[in-house]
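Sequence lines, in order, name chains A and B. 1 is the number of the first residue of the first sequence in the numbering used here; add one for each residue after it. 191 is the number of the first residue of the second sequence in the numbering used here; add one for each residue after it. The C-beta atom is built at its ideal place from N, Cα and C for all residues, glycine as well. Nothing here was measured: the structure is a model prediction, and the numbers come from that model.
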Amino acid sequence: MITDISDVRKNTRLMIDGVPYNVEDADFMKPGKGRAIYRLKLRNILTGNTIDRTYHSADKVEQAHLTYSEMQYLYKEEEHYVFMNTETFEQHFLAEDQLPNKKYFLKEGIVVNAVMLADKPIDINLPNFVELQVVQGGVTTRTDTITAQMKSATVETGYTIQVPNFVKEGDIIKVDTRTGAYAERVSAKK
Amino acid sequence: MQRRALIYKHTRDFFHKEGFLEVETPIRVPTVAPEAQIVPFQSEEWFLSTSPELHMKRLLAAGYGRLFQISRCFRKGERGRWHNPEFTLLEWYRAGADYRQMLHDTEQLIISLATEHHLGLTMRYRNQEIDLTPPWPRITVGEAFRRAVGWDPIADPDFSRFDADLVTKVIPSFALDRPTVLLDYPATMASLARLKPGEPGVAERAEVFVGGLELANIYSELRDTQEQERRFQKEIEQIGQEQGRQITMPRRFLEAVSHLPECGGIALGMDRLVMLFCDADSIDEVVAFTVDTA
């Protein structure tokens, strides 16, 4: 779909020379009486590399044509995360670099919404909350006590998170995937 | 919001003391100055004003020698960290003045506002001290481009890269510890300004930058009716061909042009002025409601 540059916002996805990019930042600048300049910071969705591009008013860009499929995360195989389409049972792979932060919320069996470009997944949308088990309770450092009674803990996916002091190893906690923050304890270890 | 109101009050005080008359001109107008890069909003068959310039000059031609106005203006599609489609311009005009005198007025206005805010001659914006001692450093467009990007837009006008180079390379090359005045624009980039005597190809236009923010645009006003009509006609044709927009010739304004005294005029972005004095990084912080929250 061809769109006018003025309609491009943060997180719009564009195809440039056959490569899909996510708009990380869009700056609108306009010298007095001059043409509008749009400076985009673009992240290559496939490799994670970022580039800067400058556009003028009235320039046209191509929006990436994306579809969405429900997929279940199966397991990690070397540098790849393996997913299965819940309707067709087809398997798909996403590289670790494509999920720099999201990988920390991928628990085996979880169902995600995969973003597809030409039948290949390029990104996933996670549920807003995931439940993860604490594998290491961590210690309460002195700074932690001074502040808000929080401590560091590690969950089963290897992610380190700030949790309240009462959370113990083996507890299941709910984590907000949008902010990466602790939400609540779901169940305490028996 | 309180500081904004205070800046308005001190601005009005400054102009009253200088003998200026505050005026109001129509917000909804039958036509606007034809400018390819400024797109007006339509209001039935008319437009919302993009700038009060044409009406203020008609008052000037009618004999009012010192005028100022704080007015709402509307420009379609202009939205960003420093832009909102509805914004506030401070314009003032002075008979007998040229762009240099208007620059002097600008320096005095900003210094007087800084004094009212107990800042003296130094203000702070985005963790940067700015020394306001006049005169502010002036640099011509030709010189600024030669230094920052190695080409001269006066000798070799290449408008395909002028604006992008200006905002991404030339403006960022200005020292931030002083305001900067960029002046003497290519003649084709100042449709309502007079040409510089002895320098064809250069218009008497200046832009003022403070803290990297473009604050104001200044002209020695053009008083030649035929020349003004010729420039407008060219712009109207270009707008029609490239954008399919119809703008009618501002006839009543053209009738007034020949009665204009020698004069200078300036448009200063009030929202940006408030940003400077509030140390705000975005226009959203200094207007109560933007186009996204209105």
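What does the alpha-carbon distance come out to for the pair residue i and residue j?
i	j	result
F258 of chain B	R178 of chain A	50 angstroms
V447 of chain B	L66 of chain A	56 angstroms
K266 of chain B	E276 of chain B	8 angstroms
Q418 of chain B	H206 of chain B	31 angstroms
V339 of chain B	L366 of chain B	18 angstroms
D17 of chain A	P387 of chain B	49 angstroms
Q431 of chain B	D25 of chain A	33 angstroms
P220 of chain B	I426 of chain B	15 angstroms
N22 of chain A	T50 of chain A	9 angstroms
V155 of chain A	I172 of chain A	9 angstroms
S57 of chain A	A153 of chain A	49 angstroms
E212 of chain B	S410 of chain B	21 angstroms
G158 of chain A	E90 of chain A	28 angstroms
C263 of chain B	L385 of chain B	27 angstroms
V222 of chain B	A195 of chain B	29 angstroms
E333 of chain B	A457 of chain B	24 angstroms
G310 of chain B	D469 of chain B	16 angstroms
M292 of chain B	R284 of chain B	8 angstroms
I110 of chain A	S239 of chain B	56 angstroms
N101 of chain A	R35 of chain A	38 angstroms
L94 of chain A	T483 of chain B	39 angstroms
A362 of chain B	I124 of chain A	According to the sequence displayed, residue 362 of chain B carries Pro and not Ala. For P362 of chain B and I124 of chain A, the distance between alpha carbons rounds to 38 angstroms.
L14 of chain A	L126 of chain A	21 angstroms
L356 of chain B	A118 of chain A	39 angstroms
C453 of chain B	D59 of chain A	38 angstroms
P343 of chain B	F105 of chain A	54 angstroms
T370 of chain B	Y182 of chain A	49 angstroms
P230 of chain B	L132 of chain A	54 angstroms
V163 of chain A	V175 of chain A	10 angstroms
M150 of chain A	N165 of chain A	6 angstroms
V82 of chain A	T12 of chain A	26 angstroms
D353 of chain B	H80 of chain A	45 angstroms
Y198 of chain B	Q98 of chain A	51 angstroms
DSSP puts residue i in a beta bridge; with which residues?
i	result
D342 of chain B	Paired residues: none, contrary to the question.
L257 of chain B	B:L211, B:Y283
T50 of chain A	A:R43
M116 of chain A	A:T67, A:P121
H92 of chain A	A:F83
P164 of chain A	A:M150
H56 of chain A	A:I37
M195 of chain A	Past the edges of chain A, shown from 1 to 190, lies residue 195 of chain A, and the structure says nothing about it.
P20 of chain A	A:M15
T370 of chain B	B:F399
F129 of chain A	A:D176
Kindly indicate which three-state DSSP category residue i falls into: helix, strand or coil?
i	result
F277 of chain B	strand
R163 of chain B	Any property of residue 163 of chain B remains undetermined from this structure, which presents chain B solely from 191 to 484.
H65 of chain A	coil
K151 of chain A	strand
T415 of chain B	helix
M439 of chain B	coil
D203 of chain B	helix
Q136 of chain A	strand
M191 of chain B	coil
L74 of chain A	strand
L99 of chain A	coil
Q232 of chain B	strand
Y159 of chain A	coil
I110 of chain A	coil
K359 of chain B	helix
T330 of chain B	strand
G430 of chain B	helix
R262 of chain B	strand
A406 of chain B	strand
F237 of chain B	strand
State the start and end residues of the unbroken beta strand (DSSP E) segment that holds residue i.
i	result
F399 of chain B	389–400
T3 of chain A	2–4
In terms of residue numbering, what span does the alpha helix (DSSP H) encompassing residue i cover?
i	result
V464 of chain B	460–468
F489 of chain B	This structure gives no information on residue 489 of chain B, because the portion of chain B shown stretches from 191 to 484.
K195 of chain A	Because residue 195 of chain A is not part of the residues shown, which for chain A are 1 to 190, the question remains open.
T305 of chain B	289–306
K247 of chain B	243–251
Can you pull the chain D residues whose beta carbon is under 7 angstroms from the beta carbon of residue i, in chain order?
i	result
T54 of chain A	No chain D is present in this structure, whose protein chains are A and B.
Exercise. Do the region 290–308 of chain B and the region 244–262 of chain B touch if we need at least three Cβ pairs shorter than 8 angstroms?
Worked result: No contact exists between the region 290–308 of chain B and the region 244–262 of chain B.
For this session: State whether the region 28–36 of chain A contacts the region 392–408 of chain B, with contact taken as three or more CB pairs (one from each stretch) at a distance under 8 angstroms.
Result: Judged by pairs of C-beta atoms under 8 angstroms, the region 28–36 of chain A touches the region 392–408 of chain B, as three or more such pairs exist.
Exercise. Just checking, does the region 404–417 of chain B make contact with the region 458–467 of chain B on the three C-beta pairs under 8 angstroms criterion?
Worked result: Counting C-beta pairs closer than 8 angstroms gives three or more between the region 404–417 of chain B and the region 458–467 of chain B, which meets the contact rule.
Problem set entry | Segment contact flag, the region 197–216 of chain B with the region 300–317 of chain B, C-beta cutoff 8 angstroms, min 3 pairs | Contact between the region 197–216 of chain B and the region 300–317 of chain B is established, with three or more Cβ pairs separated by less than 8 angstroms.
Exercise. Is there contact between the region 359–378 of chain B and the region 310–323 of chain B, where contact requires at least three CB pairs shorter than 8 angstroms?
Worked result: With three or more CB-CB distances shorter than 8 angstroms, the region 359–378 of chain B counts as touching the region 310–323 of chain B.
Problem set entry | the region 60–75 of chain A in contact with the region 439–457 of chain B per 3-pair CB rule at 8 angstroms | Fewer than three Cβ pairs drawn from the region 60–75 of chain A and the region 439–457 of chain B lie within less than 8 angstroms of each other, which leaves the two stretches out of contact.
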